[in-house]
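First up is the structure itself, then whatever we jot down about it.
In this note's numbering, the protein residues as written are 6 to 91.
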């Protein structure tokens with residue numbers, strides 16, 4: 006499944022959360038509210054999640070393998086860098 010577009014909403018500086026992304030796959034499916042975070046060991050993604058009645062959190066959508074996760078991180082990182090360069 007190819008990523009055809011990434012939309013970035015920047016978060017004001019001051020914490021590790023730098024942006025919220027929406028990723029569009031194959032111009033047919035979108036996942037909103039992916040958090041782009043800069044941690045001590047580099048950038049990473051926090052997938053959209055929902056808290057259950059028992060207090061646990063579960064991802065609403067997430068990549069099933071490391072190749073897709075790496076591809077998403079790369080595309081979101083590129084979109085983030087382009088957005089802050091505007």
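Positions of the beta carbon are idealized from the N, C-alpha and C atoms, including for glycine.
Give me, in chain order, the residues of the same chain whose beta-carbon lies closer than 6 Å to that of residue i; leave out the 5 immediate sequence neighbours on both sides.
i	result
residue 49	42
Between residue i and the rest of its own chain, which residues show a CB-CB distance below 7 Å, the 5 nearest in sequence each way excluded?
i	result
residue 6	30 and 31
residue 68	74 and 77
By a C-beta neighbour count over all protein chains shown, 10 Å radius and 16 as the cutoff for buried, is residue i buried or exposed?
i	result
residue 13	buried
residue 82	buried
residue 35	exposed
residue 11	buried
Kindly indicate which three-state DSSP category residue i falls into: helix, strand or coil?
i	result
residue 21	coil
residue 27	strand
residue 89	helix
residue 16	coil
residue 50	strand
Between residue i and the rest of its own chain, which residues show a CB-CB distance below 8 Å, the 5 nearest in sequence each way excluded?
i	result
residue 89	15
residue 8	28, 29, 30, 76, 77 and 80
Quick one: measure Cβ to Cβ for residue i and residue j, integer angstroms, because I've assumed they're closer than 8 Å.
i	j	result
residue 53	residue 66	6 Å
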